[in-house]
Structure formats: structure tokens, C-alpha cells
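Working notes for the structure below.
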Amino acid sequence: MQVVALAPLGDTLIVLRHGGTGTVAFGLRFAIAVAVLLSASLLFAV
Numbered sequence: 010m011q012v013v014a015l016a017p018l019g020d021t022l023i024v025l026r027h028g029g030t031g032t033v034a035f036g037l038r039f040a041i042a043v044a045v046l047l048s049a050s051l052l053f054a055v
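Using the working numbering, read the sequence shown as starting at 10 and increasing by one per residue.
In C-alpha cells, the structure reads:
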């Protein structure tokens with residue numbers, strides 16, 4: 010699950026590198042990565 014979270018982080022960098030706005034990059038893609046990491050930590054905490 011933690012490795013899967015790298016995909017949205019990579020997507021964030023791609024959006025920023027190709028002229029995307031920071032709002033889109035961090036608001037959507039980075040938030041997805043954080044949600045995946047949060048769900049992974051909750052899954053393994055049980």
C-alpha cells in the first residue's frame with residue numbers, strides 16, 4: 010500500500026513539471042497520496 014502511494018506522488022511531480030497549477034497538483038494528487046498512506050497505516054494498525 011505504501012508503494013502504491015508513490016503513484017499519486019509521481020503524478021504530482023508530473024503535473025507541476027508540465028505547467029500545472031499547484032492547486033491541482035497538491036489539492037488532488039497529493040491529497041490522494043495522503044489518503045492512501047492514511048488508509049495503509051490504519052490497515053496495518055489493526
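Glycine residues also receive a C-beta, built at the ideal position from the N, C-alpha and C atoms.
- The Cβ atoms of LEU18 and ALA42 lie closer than 7 Å to each other.
- Within the model, the alpha-carbon separation for PHE53 versus LEU47 is close to 10 Å.
- If you draw a 10 Å sphere on the C-beta of THR21, you find 16 or more other C-beta atoms in it, and that means buried.
- A direct Cα-to-Cα measurement between VAL13 and GLY36 gives close to 18 Å.
- If you draw a straight line from the Cα of ALA34 to the Cα of ALA40, it is about 9 Å long.
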